[in-house]
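K.L.:
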Amino acid sequence: KQEVTQIPAALSVPEGENLVLNCSFTDSAIYNLQWFRQDPGKGLTSLLLIQSSQREQTSGRLNASLDKSSGRSTLYIAASQPGDSATYLCAVIITGGGNKLTFGTGTQLKVEL
Amino acid sequence: NAGVTQTPKFRILKIGQSMTLQCTQDMNHNYMYWYRQDPGMGLKLIYYSVGAGITDKGEVPNGYNVSRSTTEDFPLRLELAAPSQTSVYFCASTYGGVGNTIYFGEGSWLTVV
Chain A
64 KQEVTQIPAA LSVPEGENLV LNCSFTDSAI YNLQWFRQDP GKGLTSLLLI QSSQREQTSG
124 RLNASLDKSS GRSTLYIAAS QPGDSATYLC AVIITGGGNK LTFGTGTQLK VEL
Chain B
885 NAGVTQTPKF RILKIGQSMT LQCTQDMNHN YMYWYRQDPG MGLKLIYYSV GAGITDKGEV
945 PNGYNVSRST TEDFPLRLEL AAPSQTSVYF CASTYGGVGN TIYFGEGSWL TVV
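First to last, the sequence lines map onto chains A and B. Position one of the first sequence corresponds to residue 64 (my numbering), numbered consecutively onward. Position one of the second sequence corresponds to residue 885 (my numbering), numbered consecutively onward.
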């Protein structure tokens with residue numbers, strides 16, 4: 064059974080700092096890995112999707128990497144801003160039908176002024 | 885284009901009552917999902933559908949039922965509500981194919997007392 068773990072569970076940083084969020088998964092037979100952002104009381108917004116054949120994806124100040132063989136992904140946020148404060152979740156789609164996502168428990172990020 | 889719409893946003897149920905959470909999407913997505921999110925936990929898949937007339941169980945289906953009579957709608961029914969079903973419920977949809985973005989509704993907060 065696929066298990067997805069995110070470390071740390073919570074993180075507080077000063078504005079402007081570069082930071083890394085970690086995601087690990089136990090079964091390397093994945094189709095892709097996605098990073099989501101969740102604001103309090105809201106649904107999830109997809110940030111980046113990395114296909115299993117790719118090593119990284121970038122969008123603005125965000126860069127996500129994937130090392131499938133070691134079962135790890137990182138989300139790098141450059142020059143953090145208070146507006147980046149949210150919970151960040153990673154999820155993997157495993158091989159097999161339905162494109163079902165298995166989620167990690169998330170990292171709650173707070174960027175302070 | 886409204887995306888994924890869930891109703892109701894909030895609901896309090898008494899133990900043993902039944903109710904239906906509504907989900908509709910206007911993006912002509914064939915895949916739809918219901919997840920639940922408990923405090924401090926990742927999302928767990930309840931049921932999913934890969935097209936009208938086709939549904940399948942996820943990781944935590946007990947106590948729930950679904951139907952998919954149209955492409956747009958994917959209601960989730962709770963029968964004989966129990967306190968363990970107190971949670972936030974998210975509906976999501978995507979096109980088939982592992983490289984496609986998944987879109988989430990804003991969630992339905994359910995409390996069973």
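Ideal placement from N, C-alpha and C gives every residue a C-beta, glycine not left out.
When you compare the CB of F974(B) with every CB in chain A, is at least one pair closer than 9 Å?
P.N.:
yes
K.L.:
Is P967(B) helix, strand or coil when you go by DSSP?
P.N.:
helix
K.L.:
Do T904(B) and L964(B) have their C-beta atoms closer together than 9 Å?
P.N.:
no
K.L.:
Taking only beta-carbon atoms, is G160(A) less than 9 Å away from chain B?
P.N.:
Yes, its Cβ sits closer than 9 Å to a Cβ of chain B.
K.L.:
How many whole angstroms separate the CB atoms of Y139(A) and W98(A), which I take to be in contact at a CB cut-off of 8 Å?
P.N.:
Not really, about 10 Å apart at Cβ, beyond 8 Å.
K.L.:
Assuming I899(B) contacts A966(B) under a Cβ cut-off of 8 Å, what Cβ separation, rounded to an integer in Å, is found between them?
P.N.:
6 Å
K.L.:
My guess is that G79(A) and A127(A) are in contact by the Cβ rule of under 8 Å, so how many angstroms apart are they, rounded?
P.N.:
Going by Cβ atoms, the distance from G79(A) to A127(A) rounds to 21 Å, so no, they are not a contact pair.
K.L.:
Quick check on T168(A) - is its C-beta less than 9 Å from some C-beta in chain B?
P.N.:
yes
K.L.:
At 3 residues or longer, what runs of the beta strand (DSSP E) sit wholly inside the region 906 to 941 of chain B?
P.N.:
915 to 921, 927 to 935, 938 to 941
K.L.:
Would you call the CB atoms of S968(B) and G947(B) closer than 9 Å?
P.N.:
One thing to note: S968(B) has its Cβ within 9 Å of the Cβ of G947(B).
K.L.:
Locate the beta strand (DSSP E) running through A154(A), then write down its first and last residues.
P.N.:
149 to 157
K.L.:
Under 8 Å between beta-carbons, which chain A residues line up against G991(B)? List them in chain order, please.
P.N.:
G104, K105, G106
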